[in-house]
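Have a look at the structure below before the remarks.
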Amino acid sequence: MSHRRGEGWMDEPDWRRFITAYHQEHAGITEQLFSLADTSPYAWLAEPLRAVEGTVLDLACGSAPTRQELPDADWVGVDLSAAELAEAARQGRGPLLRAAADALPAASASVGAVCAAMCLPVVTPLPQTLGEIRRVLRPGGVLAALVPSQSGLSPSGMLGWVRVMAALRAVRQPWPNPQARDGLPALLRTAGFRVRRDERHVFTLAIDSAGAAALLADALYLPGLTTHRAQAAKRSLARWATPGWRLELPLRRVVAELPIEQQSQETT
9 MSHRRGEGWM
19 DEPDWRRFIT
29 AYHQEHAGIT
39 EQLFSLADTS
49 PYAWLAEPLR
59 AVEGTVLDLA
69 CGSAPTRQEL
79 PDADWVGVDL
89 SAAELAEAAR
99 QGRGPLLRAA
109 ADALPAASAS
119 VGAVCAAMCL
129 PVVTPLPQTL
139 GEIRRVLRPG
149 GVLAALVPSQ
159 SGLSPSGMLG
169 WVRVMAALRA
179 VRQPWPNPQA
189 RDGLPALLRT
199 AGFRVRRDER
209 HVFTLAIDSA
219 GAAALLADAL
229 YLPGLTTHRA
239 QAAKRSLARW
249 ATPGWRLELP
259 LRRVVAELPI
269 EQQSQETT
């Protein structure tokens, strides 16, 4: 599927090239950004997975920040980016496997849970990825996903994001799967999952230094952002990044399970 390039949209091959280059250059950047939050989004995501029996497969794990949140789990991280996996290994997180989200290196009905931190809005192709999640989950297996939300901002929080996007000269984040944000519960139901929990939490990021402002500008997945525009945006954001400045970050945690009868039908 392709979109109007004037709005920053791109077809799937172009998006894959962008995302490969982006993670090569910015390995671990989402974890770095979330380290500015008042509380850990990864700890929030991991909470419903701590009691899961069996393997927890961390889908598109990046630098594997959930590994430290699930120290006692039978955890395995999967990502296609060699740079992200190298960053995860550098931090002593593992085991790790290199693979695409739509071709998971796991047997059918072999894992107890899939953890998906901030990846479902950007992985492609999404239908095949959801199909792979269904395939590898055991009967009654759990999917815990963390995604950005576009609701929950206070008026000042909304103004903060207007400032950020204006500095970047961007109207929106042109991600390939916008339906996998606030529409994720409905998307999962359509894909055959049973949604158990759908919760939103508004975190706050401490954007109180030039370094934090630059990190924010780099972390937003904007394919059309030129080097010149990025540098100008960082200078602009740095002027606002005074001690005490906080940026609201609404995130959604969706916990779903694969119904036993659904999984049984797919494997017979």
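Residue numbering for the sequence shown follows the working numbering, beginning at 9 and increasing consecutively.
Think of the CB as a built atom: it goes at the ideal place given N, C-alpha and C, for glycine as much as any other residue.
Computed from a predicted model, the values in this text were never measured in an experiment.
Item, Value
"Under DSSP, the beta strand (DSSP E) around residue 211 begins and ends at which residues?", "202 to 214"
"Based on DSSP bridge pairs, tell me the residues matched to residue 83.", "64"
"Whose CA, out of 83, 45, 37, lies closest to the CA of residue 54?", "83"
"Here's a check: name, in chain order, each residue in its chain whose Cβ is nearer than 6 Å to the Cβ of residue 244, leaving out the five neighbours to either side.", "175"
"With 16 as the cutoff for other CB atoms within 10 Å, does residue 194 come out buried or exposed?", "exposed"
"Starting from residue 259, follow its DSSP beta bridges and name the residues at the other end.", "156, 209"
"Would you mind stating whether residue 110 and residue 85 have Cβ atoms separated by less than 7 Å?", "no"
"Sort 187, 185, 188, 169 by Cα distance to residue 179 and report the nearest one.", "169"
"For residue 129, which three-state DSSP category applies?", "coil"
"What number of angstroms, rounded off, separates the C-alpha of residue 201 from the C-alpha of residue 33?", "35 Å"
"For residue 172 and residue 224, which I take to be in contact (beta-carbon distance under 8 Å), what is that distance rounded to the nearest angstrom?", "7 Å"
"Expressed to the nearest angstrom, what Euclidean distance is found between the alpha-carbon atoms of residue 158 and residue 256?", "11 Å"
"Can the beta-carbon of residue 240 be found less than 7 Å from the beta-carbon of residue 220?", "no"
"Could you give the first and the last residue of the continuous alpha helix (DSSP H) run that contains residue 98?", "90 to 98"
"Does the pairing of the stretch 47 to 61 with the stretch 93 to 100 give three or more beta-carbon distances under 8 Å?", "no"
"Rank 144, 139, 112 by C-alpha distance to the C-alpha of residue 197 and give the top, closest one.", "139"
"Just checking my contact of residue 125 with residue 229 at CB under 8 Å: how many whole Å lie between their CB atoms?", "With 8 Å as the limit, residue 125 and residue 229 do not qualify as a contact, their Cβ atoms being about 14 Å apart."
"On a CA-only basis, which of 215, 134, 120, 72 is nearest residue 105? Give me that one, please.", "72"
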